[in-house]
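Residue numbers (the numbering used here): 1 to 472.
In this text, a Cβ means the ideal position worked out from N, Cα and C, and glycines have one as well.
Source: prediction; values computed, not measured.
See below for the structure under consideration.
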Amino acid sequence: MSTAILWLRRDLRLADHPALSAACARHERVLPVYIHAPQEDGAWAPGAASRWWLHHSLASLDAAWRRLGGELHLRRGESLAMLLDVLERSGATAVYWSRLYEPATLERDRLAKAALRERGIEAHSFPGATWCEPWQLATKQGDPYRVFTPFWRNLRTQLEASVPLPAPSTLRTARLTGGLTLKALALLPRIDWDAGLREAWRPGEAGAHEQLEVFTDDAVAGYVEARDLPARHGTSRLSPHLHFGEITPQQILHALFSMDRRRTPKESPDREAFLRELGWREFAQHLLYHFPHATEGAFNPRFAHFPWAPADEALLRRWREGRTGIPLVDAGMRELWHTGWMHNRVRMVVASFLTKNLRQHWLEGARWFWDTLVDADLANNTLGWQWVAGCGADAAPYFRVFNPVSQAQKFDVQGNYLRRWLPELADAPLAQLHEPWRDAGLLARSGYPAPLVDLAASRQDALAAYQRSRAG
DNA sequence: TGAAATGTTGGGGCG
DNA sequence: ACGCCCCAACATTTC
1 MSTAILWLRR DLRLADHPAL SAACARHERV LPVYIHAPQE DGAWAPGAAS
51 RWWLHHSLAS LDAAWRRLGG ELHLRRGESL AMLLDVLERS GATAVYWSRL
101 YEPATLERDR LAKAALRERG IEAHSFPGAT WCEPWQLATK QGDPYRVFTP
151 FWRNLRTQLE ASVPLPAPST LRTARLTGGL TLKALALLPR IDWDAGLREA
201 WRPGEAGAHE QLEVFTDDAV AGYVEARDLP ARHGTSRLSP HLHFGEITPQ
251 QILHALFSMD RRRTPKESPD REAFLRELGW REFAQHLLYH FPHATEGAFN
301 PRFAHFPWAP ADEALLRRWR EGRTGIPLVD AGMRELWHTG WMHNRVRMVV
351 ASFLTKNLRQ HWLEGARWFW DTLVDADLAN NTLGWQWVAG CGADAAPYFR
401 VFNPVSQAQK FDVQGNYLRR WLPELADAPL AQLHEPWRDA GLLARSGYPA
451 PLVDLAASRQ DALAAYQRSR AG
């Protein structure tokens with residue numbers, strides 16, 4: 001009877017899981033093991049919101065394995081040492097896993113694979129939840145892509161809406177005593193701040209597919225228009241599910257092409273626009289793989305000595321807490337704090353405000369997002385912040401400064417998003433809602449803060465700093 | 001996946 | 001009928 005360990009990390013699903021399917025096909029029994037090893041993630045150990053999600057996603061996967069007669073074997077500590085201990089105690093002869101592509105993880109897994117094989121243990125890694133692995137695409141010159149559009153043109157032509165792997169039907173699961181309980185991993189917050197998260201999300205594979213169904217039923221049609229409106233659920237909201245590997249891009253692609261033809265004709269701009277967003281996720285993985293220093297330093301060398309303002313804790317605190325006095329910024333930051341998520345357009349606006357109007361370093365923002373987003377993903381977070389800050393590959397030019405007032409007027413015309421997240425302004429008339437500082441009485445009555453900075457003047461300051469850095 | 005400043009055009013009011 | 005001005009709408013440039 002040969003047993004294989006399935007070393008789970010961020011592939012918390014049963015379906016479309018090449019490592020699991022291979023382990024089932026080649027071995028009689030599979031023992032699922034999760035090892036909590038945040039110390040192996042370097043400077044980017046999972047944040048609080050991410051750990052919350054992880055707890056519930058593990059609970060969901062454990063329930064699924066229990067229905068198959070097994071359970072997740074949980075550990076905490078050094079990954080390789082734990083694997084060796086589990087191997088010894090279970091008599092397993094092989095380890096299977098799905099690849100992750102962050103720099104620190106790749107290195108850890110490379111060492112683990114070598115160490116296992118050295119001991120005569122089979123070690124097999126399989127593609128992660130991605131359309132293409134980050135090293136697969138290259139320009140005609142053989143270089144990594146640095147610009148999204150050519151990357152996407154290449155990738156898009158390779159996509160086929162083929163049927164994803166089913167969950168294995170003959171899964172025999174091994175059990176091993178002596179693991180930790182989920183509670184002992186201590187992933188949940190010690191104080192009860194996660195009510196908003198519980199309300200907004202259903203982590204786990206079943207929740208992921210439910211969300212996909214909601215999206216294909218309601219939101220794909222009209223996506224191009226509706227995705228920009230933060231008051232509406234016009235986006236897929238699949239990002240945390242994708243991050244934890246509860247669902248794969250291939251499953252999504254297949255679902256989108258299996259939809260009712262009347263509602264999504266063969267050539268659907270809505271569907272293509274959404275696939276393009278998944279393309280950005282692939283592009284982020286590609287960039288981080290080829291340029292691993294990007295998590296800490298500007299991608300664009302021109303920004304190596306950019307004059308960011310010194311970190312200002314008072315400013316940062318007001319930004320984090322959603323008390324900048326700029327309605328769209330504050331609404332976004334409060335949505336983030338409450339739900340662990342923020343609408344993407346608003347992410348761009350709050351990031352532009354932090355890096356341009358406040359001229360704080362993008363890493364300050366990236367770290368806060370890292371701690372508070374349920375979909376915090378190193379590749380996406382790095383690319384997104386550097387894109388907005390203007391120092392990234394294929395970035396928005398530095399002088400592209402979002403005006404949070406005109407963005408709100410354009411994308412939250414009725415002010416529904418602002419009112420939802422800014423209860424002190426909920427009764428303000430629309431005319432004052434977008435620029436509450438125009439009415440001193442409103443500020444006094446509502447307790448809503450005066451703006452931290454003047455938008456026009458701080459924009460000018462940012463542009464001037466940019467000019468100086470170009471000259472220097 | 002920008003915004004503001006500047007330039008151009010054309011319709012309409014008016015003398 | 002004509003030139004002139006105003007200004008909104010749109011286009012282009014600049015940061």
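Over what stretch of residues does the alpha helix (DSSP H) that includes residue i continue unbroken?
i, result
"residue 8", "Careful: residue 8 lies outside any alpha helix (DSSP H), inside the beta strand (DSSP E) at 3–8."
"residue 25", "18–26"
"residue 351", "344–352"
"residue 399", "No alpha helix (DSSP H) holds residue 399; DSSP gives it neither H nor E."
"residue 216", "From DSSP, residue 216 is part of no alpha helix (DSSP H); its letter is neither H nor E."
"residue 150", "148–158"
"residue 228", "That residue, residue 228, is in no alpha helix (DSSP H); it is neither H nor E in DSSP."
"residue 410", "404–411"
"residue 288", "269–290"
"residue 308", "Run containing residue 308: none; DSSP gives neither H nor E here."
"residue 189", "Per DSSP, residue 189 belongs to no alpha helix (DSSP H) and is neither H nor E."
"residue 101", "Taken as a continuous stretch (DSSP letters only), residue 101 belongs to no alpha helix (DSSP H), as it is neither H nor E."
"residue 60", "48–67"
Looking at the unbroken beta strand (DSSP E) that takes in residue i, where does it start and where does it end?
i, result
"residue 29", "29–36"
"residue 94", "94–98"
"residue 361", "Looking at the DSSP string, residue 361 is not in any beta strand (DSSP E), and its letter there is neither H nor E."
According to DSSP, residue i sits in a beta bridge with which residue or residues?
i, result
"residue 73", "33"
"residue 130", "DSSP lists no partner for residue 130."
"residue 122", "94"
"residue 180", "74"
"residue 173", "30"
Residue i: which of the options sits nearest, CA to CA?
i, options, result
"residue 413", "422, 430 and 253", "430"
"residue 22", "168, 117 and 467", "168"
"residue 119", "88, 210 and 100", "88"
"residue 351", "306, 398 and 338", "398"
"residue 57", "44, 34 and 42", "34"
"residue 93", "289, 224, 49 and 84", "84"
"residue 125", "250, 74, 328 and 105", "105"
"residue 16", "246, 346 and 471", "246"
"residue 231", "343, 216 and 387", "343"
"residue 164", "305, 255, 27 and 208", "255"
"residue 11", "140, 123, 333 and 249", "249"
"residue 461", "337, 148 and 401", "401"
"residue 306", "468, 221, 322 and 328", "468"
"residue 287", "214, 404, 136 and 216", "136"
"residue 470", "301, 313 and 77", "301"
Beta-carbon separation of residue i and residue j under 8 Å?
i, j, result
"residue 79", "residue 129", "no"
"residue 238", "residue 52", "no"
"residue 205", "residue 64", "yes"
"residue 279", "residue 152", "yes"
"residue 252", "residue 451", "no"
"residue 174", "residue 96", "no"
"residue 219", "residue 234", "yes"
"residue 47", "residue 395", "no"
"residue 171", "residue 391", "no"
"residue 303", "residue 345", "no"
Assuming residue i and residue j make a contact with CB atoms under 8 Å, what is their CB distance in whole Å?
i, j, result
"residue 9", "residue 100", "6 Å"
"residue 19", "residue 90", "Actually they are not in contact, since the Cβ atoms of residue 19 and residue 90 sit about 17 Å apart, beyond 8 Å."
"residue 32", "residue 6", "5 Å"
"residue 299", "residue 393", "5 Å"
"residue 309", "residue 367", "That belief does not hold up - the Cβ atoms of residue 309 and residue 367 are roughly 16 Å apart, past 8 Å."
"residue 74", "residue 182", "6 Å"
"residue 364", "residue 354", "7 Å"
"residue 357", "residue 229", "About 23 Å; that fails the 8 Å criterion."
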